[in-house]
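In what follows, a structure is listed as structure tokens, so that the remarks can point back to it.
Protein chains: 2
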Amino acid sequence: MTTSTRTIGERARAAARQLAHAPSEQKTRALVALAERLETAGAEILEANGQDVLAARAAGLGPALLDRLTLDATRLAGIAADLRRVAALPDPVGEVFDATTLPNGLRAHKRRVPLGVFGVIYEARPNVTIDIAGLALKTGNAAILRGGSETLRSNRALVEAVRQVIAAGGLPPDAVQLIDDPDRARVLELLHLHEYVDVIIPRGGAGLHRFCRENSRIPVITGGIGICHLFVDASADLAGALAVIRNAKVQRPTVCNALDTALVHREVAGVFLPRLIDALAADGVTFRIGPSAQPFIPAGHPACTPAGPEDFDTEWLSLVLGVQVVDNLDEAIAHIAAHSTGHSDGILTRDDASARRFVDEVDSAVVYVNASTRFTDGGQLGLGAEVAISTQRLHARGPMGLRELTIYKWVIAGDLHVRP
Amino acid sequence: MTTSTRTIGERARAAARQLAHAPSEQKTRALVALAERLETAGAEILEANGQDVLAARAAGLGPALLDRLTLDATRLAGIAADLRRVAALPDPVGEVFDATTLPNGLRAHKRRVPLGVFGVIYEARPNVTIDIAGLALKTGNAAILRGGSETLRSNRALVEAVRQVIAAGGLPPDAVQLIDDPDRARVLELLHLHEYVDVIIPRGGAGLHRFCRENSRIPVITGGIGICHLFVDASADLAGALAVIRNAKVQRPTVCNALDTALVHREVAGVFLPRLIDALAADGVTFRIGPSAQPFIPAGHPACTPAGPEDFDTEWLSLVLGVQVVDNLDEAIAHIAAHSTGHSDGILTRDDASARRFVDEVDSAVVYVNASTRFTDGGQLGLGAEVAISTQRLHARGPMGLRELTIYKWVIAGDLHVRP
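Taken in order, these protein sequences are the chains called A and B.
In case it helps, our numbering puts the first sequence at residues 1 to 420.
In case it helps, our numbering puts the second sequence at residues 1001 to 1420.
Below is the structure:
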């Protein structure tokens, strides 16, 4: 017997109201207790996960998906360590800002409060379950989780552990709920639950994001799709540029902040491109060569094929790199405007004026000068944790950490003030 | 021949890219030029408006709607004065904040940038057209306007004037575009234009907000619907409480921050309620009396009727006031949690502990202590202008001024940093 989506929503709202004014120490204690629980009593979780893995293997899931799905003691310990890190971060809730006394004597300020209830729709990774639960608890929000059907047993065990720990800490267990019915109709119901849910956070591929955007009556944080660019300007330190591009492409090619397209200034293309291709081909990279780059490529290079019409609009998530030559900075900026998803784009240059123009005119969540796009990450940028990387423009852009899971209320105190 | 919604979107995006780095002085000059244009060359606008008014009168529109629709030289001068005020406000675009140097030496900061493109769907008031155009221009955003069909001629003339002035100022006229086709299907098209439009701002009644929420693929700023409460605590200064409630109810009853329900602590209900009812009845207020308040009402008072089941969930927008008696602060907070739209709610008290608990636990965009709800207004709260009053929880709550029409991008500079 599964709980109706509406009931889940009502319970989440009620829990959120209670959690919104839980003291920081109480939330921190619950997070630490959850970490301990995962470290010392993870047996039922691993058993449930083992069943998921068996079923997935029987269903013929590929090795990459099986790997994502699998938990073991080491991974649980890693998840627990992440929880302790989040527990140790400062609590953004309650922060007072923009305080002012108005000319009429009214005292106004804004106070940071939780967003309320968020719905998270995600795919195979069971670690997301604890990740989101921890961030929700820390920021005083309630979370409604809808994971992939392959992880249903794992998620049930994980959420059960979370709820027990929350309740033992004197907090409302309905702060974290799982929609544990694999029926796809439940996702639609969640997306229509605007009375109870304040924001939808999809974590998955472009198809999931599109589905949420097209069907949600609740604002959706679109993100995590990165067609990322680095532009090698004529003045770039070419050895450094090569190192940065290699890092952005090769270090972890399957993630959204990995590089997709290298744009190279025509003046340095003859020197730089053959070096780039030789170096990265040795790492296993293959290249899609745009028409203007073609003349600079050694004829018949085995790692290079001409770019197809969709190639500069593809997030590769693999060891493939698009390559294009541009005549100048304007052309680089125009290419990025036409093809970027607004995630992470950068310039490699020694010219301050070019760097300034690039930063002014490239309209991405994170704009880089002389650094790898791989730094677009809540941990790397000092947020301590992240719930998503937003590529939409409302509320937050780029990595969303604890503060981005809050909003404010105005608090206004007067002496029986009336409006004239 | 009308322009397709998609083409309008493309043009808006292109204009937004250009406007995003227009210098403040250039934007200010255009705003001042627009004010001058309205003051000195409003004849075509007034003529077009006269035709709208004639047509509306022929179609049998009521006097309130006709009044909203009508422009004259005085109103144009008022609109121009508002534009000059917006022109004089500081430009939020370009502000740098959260600057930091990370342990690895990366320099990161956030830079305030325009939201991008917003779509505004509104009803009869032609002043909204200039209001939104001015705010968009000031904040470097492009706006796509969809006004009511009764104001089509006025809006065409107004937008034409706006575009001429923008172009004369060397800025892209497509920063302000009107969907001037009265076909309702165009609204749906606008709501589906997520590639080009970043946020939808409905300005109108609950029905319009619902329509936008249910049909939009773009985040919607829901707001402007205020079921507002004031709670008279046992310790309240009763004469002051009466003055505040009168102001909140009577000063301008047709707006969203006007009072809808007075909650009165049982301890003072016997003294306070008869005074409240006598005083406000003299202003023409009628009352919907909740069951718990009934015993405190003079029998057969002509201004009082028992509250019906929907009355505490109604935004009155008129001289009607719901009245309920509660046993204590908890009951007041619970009533507000059940019935408020999260716009503006307040407590009247001399007890600091009660004030603190009310402010902590009432989850509205603006929470008041000892002041009228009528202060929820961008002008009153020092924002200088407002585009909407948000009652949703993402991005901004309460009055949205210039800063709330912006977002940020991350700017990260390194010395050829790579991620380890």
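In this text, a Cβ means the ideal position worked out from N, Cα and C, and glycines have one as well.
Can you tell me where the beta strand (DSSP E) holding CYS228(A) begins and where it ends?
228–232
Pick helix, strand or coil for HIS1209(B), following the three-state DSSP scheme.
helix
Coil, strand or helix - ALA20(A) by DSSP:
coil
Within its chain, find whatever has a CB closer than 7 Å to the CB of ALA279(A); leave out the 5 residues flanking it on each side and keep chain order.
LEU242 and ARG246
Could you tell me the boundaries of the beta strand (DSSP E) in which ALA1262(B) lies?
For ALA1262(B), the enclosing beta strand (DSSP E) has its first and last residue at 1259–1265.
Is there a Cβ of chain A sitting closer than 9 Å to that of PHE973(B), yes or no?
Outside the shown range of chain B, which is 1001 to 1420, sits residue 973(B), and nothing can be said about it.
Using a Cβ cut-off of 7 Å, which residues of the segment 1080–1096 of chain B contact any Cβ in chain A, in chain order?
none
Check whether the Cβ of SER372(A) lies closer than 9 Å to any Cβ atom in chain D.
The chain labelled as chain D is not found among the protein chains of the depicted structure, namely A and B.
Could you name the residues that DSSP lists as bridge partners for GLU306(A)?
Looking at the sequence itself, residue 306(A) is Pro, so the reference to Glu does not match. ILE289(A).
Quick check on PHE1312(B): buried or exposed, where buried means 16 or more other Cβ atoms within 10 Å of its Cβ?
Result: buried.
I want to see whether chain A comes within less than 9 Å of LEU1321(B), judged by CB atoms only; does it?
no
If we define contact as Cβ-Cβ less than 9 Å, is ALA1015(B) a contact residue for chain A?
no
So the alpha helix (DSSP H) ALA240(A) belongs to, where does it begin and stop?
First, the residue type needs correcting, since residue 240(A) is Gly and not Ala in the sequence shown. Here the alpha helix (DSSP H) through GLY240(A) covers 238–250.
Excluding five sequence neighbours on each side, which residues of the same chain lie with their C-beta closer than 6 Å to the C-beta of VAL411(A)?
HIS109 and ARG111
In or out: PHE231(A) buried (at least 16 other Cβ within 10 Å) or exposed?
It counts as buried.
How many angstroms separate the CA atom of SER216(A) from the CA atom of PRO399(A)?
22 Å
According to DSSP, which residues form a beta bridge with SER1216(B)?
In the DSSP output, where bridge partners are listed per residue, SER1216(B) has none listed.
Along chain B, in chain order, which residues have C-beta atoms closer than 7 Å to that of TRP316(A)?
Here the premise fails: no neighbours, minimum Cβ distance about 18 Å.
Integer Cβ distance of SER1344(B) from THR1373(B), believed to fall under 8 Å:
4 Å
Rounding to the nearest angstrom, what Cα-Cα distance links TYR1315(B) and GLN1324(B) in this structure?
First, the amino acid is wrong: residue 1315(B) is Glu here, not Tyr. Rounded to whole angstroms, GLU1315(B) to GLN1324(B) spans 15 Å at the Cα level.
Which whole-angstrom value is the C-beta distance of ILE347(A) and ALA355(A), which I expect to be below 8 Å?
6 Å
Between the Cα of GLY1148(B) and those of GLU1123(B), ASN1155(B) and LEU1135(B), spot the shortest distance and give me the residue it belongs to.
GLU1123(B)
With a CB to CB cut of under 7 Å and the five nearest residues on each side skipped, what residues in its chain are close to LEU188(A)?
Excluding positions up to five away in sequence, the list reads ASN215.
Can you tell me which of the three DSSP states THR1406(B) falls into?
strand
Cβ-based neighbour list, ALA157(A), same chain, cut-off 8 Å, excluding 5 preceding and 5 following
The answer, listed in chain order, is GLU44, ILE45, GLU47, ALA48 and ASN49.
Which residues in the same chain as ARG153(A) place their Cβ atom closer than 6 Å to its Cβ, once the five residues preceding and following it in sequence are excluded?
ALA48, GLN51 and ASP52
Comparing alpha-carbon positions, which option in VAL1369(B), PHE1211(B) and GLU1361(B) lies nearest THR1349(B)?
VAL1369(B)
So, with DSSP's three-state summary, where would you put GLN324(A)?
strand
Buried or exposed: where does ARG125(A) fall if 16 or more other Cβ atoms within 10 Å of its Cβ makes it buried?
buried
Out of ALA175(A), GLN380(A), GLY119(A) and PHE211(A), point me to the one whose CA is closest to GLN18(A)'s CA.
Each of ALA175(A), GLN380(A), GLY119(A) and PHE211(A) was checked against the Cα of GLN18(A), and the nearest Cα belongs to ALA175(A).
Can you list, in chain order, the residues of its chain whose CB lies under 6 Å from that of ARG1107(B), leaving out five sequence neighbours each side?
THR1101 and ALA1413
ARG1356(B) in three-state terms, based on DSSP
helix
Going by the beta-carbon positions, is the gap between VAL197(A) and VAL117(A) smaller than 9 Å?
yes
Close-in-space but distant-in-sequence residues of the same chain around VAL93(A) (CB under 8 Å, 5 per side omitted):
ALA20, SER24, ARG112, VAL113, PRO114, THR139, GLY140 and THR406
8 Å contact criterion, which THR1261(B) and GLY1322(B) should meet: CB distance rounded
4 Å
Residue interval of the alpha helix (DSSP H) (run including LEU1329(B))
1329–1339
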